[in-house]
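So the sequence shown is numbered by my numbering: it starts at 653 and just counts up by one. Glycine included, C-beta positions come from ideal geometry on N, C-alpha and C. Reviewing the structure listed below.
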Amino acid sequence: MVLVLCLVGVAVLLALAGLFAFGLRRRLLQRSGGTFDCNLRWNAPARPSAYADDDPAEEEPPAVDGKGWAYGVARYNGDQIEWFRVFSYAPRPRRFLERNRIEVLQRRDPEGEEELALLSNSVILACSLHGTRVELAMSEDALTGFLAWLEAAPPGQRVNVA
Numbered sequence: 653m654v655l656v657l658c659l660v661g662v663a664v665l666l667a668l669a670g671l672f673a674f675g676l677r678r679r680l681l682q683r684s685g686g687t688f689d690c691n692l693r694w695n696a697p698a699r700p701s702a703y704a705d706d707d708p709a710e711e712e713p714p715a716v717d718g719k720g721w722a723y724g725v726a727r728y729n730g731d732q733i734e735w736f737r738v739f740s741y742a743p744r745p746r747r748f749l750e751r752n753r754i755e756v757l758q759r760r761d762p763e764g765e766e767e768l769a770l771l772s773n774s775v776i777l778a779c780s781l782h783g784t785r786v787e788l789a790m791s792e793d794a795l796t797g798f799l800a801w802l803e804a805a806p807p808g809q810r811v812n813v814a
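Below, the structure is given as structure tokens:
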């Protein structure tokens, strides 16, 4: 009986230590400032553009699934954004988004299952990065800051903001 209680106690302590490590890592990421919550979908499926201006009486666009989204924290660092997974202990960013390589393609609201997969009141920004379609989901405030950061590129850099 004592052995079982000791094992349960150790398991609880390990779980609490893991949660503490998540919180500490996030605090360290946000310490330098310039961070925002940002969900990311890498190699996102292209949405059919044929539905953009069609007559609403016609067929509905295909449902958008909520698969492939990862919760994260993005941090501005000079001319790039460092994206960190929320549920990771890694001290290094998972992805780097370079300002001069980001091309904004489309802005939209979450649809279908995406509304359940993303944080509430998120806006989805479809971008092209090195030819890869990437979707970023963030709040309206974070989107305003992101677009301002893109437009504030130094002279001579190619920046495409839709």
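Inter-residue Cα distance where the pair is residue i and residue j
i: A698; j: G808; result: 30 Å
i: M790; j: T687; result: 12 Å
i: E792; j: V756; result: 16 Å
i: A742; j: R759; result: 30 Å
i: I681; j: L655; result: A small correction: the amino acid at residue 681 is Leu; Ile does not occupy that position in the sequence shown. Approximately 39 Å between the Cα atoms of the pair.
i: K719; j: C658; result: 40 Å
i: R693; j: V662; result: 36 Å
i: R677; j: M653; result: 36 Å
i: S780; j: G764; result: 23 Å
i: R751; j: L665; result: 42 Å
i: S684; j: Y728; result: 10 Å
Neighbourhood of residue i by C-beta distance below 6 Å, restricted to the same chain and skipping five residues each side
i: L770; result: N691, P762 and A789
Close beta carbons around residue i, own chain, < 7 Å, minus the five adjacent residues each side
i: R785; result: N695, A696, A698 and A778
i: V738; result: Y723, G724 and V725
With 16 other Cβ atoms within 10 Å as the buried cut-off, status of residue i
i: L795; result: buried
i: S772; result: exposed
Residues sharing a beta bridge with residue i, DSSP
i: F748; result: E734
i: M653; result: According to DSSP, which records beta bridges pairwise, M653 is partnered with nothing at all.
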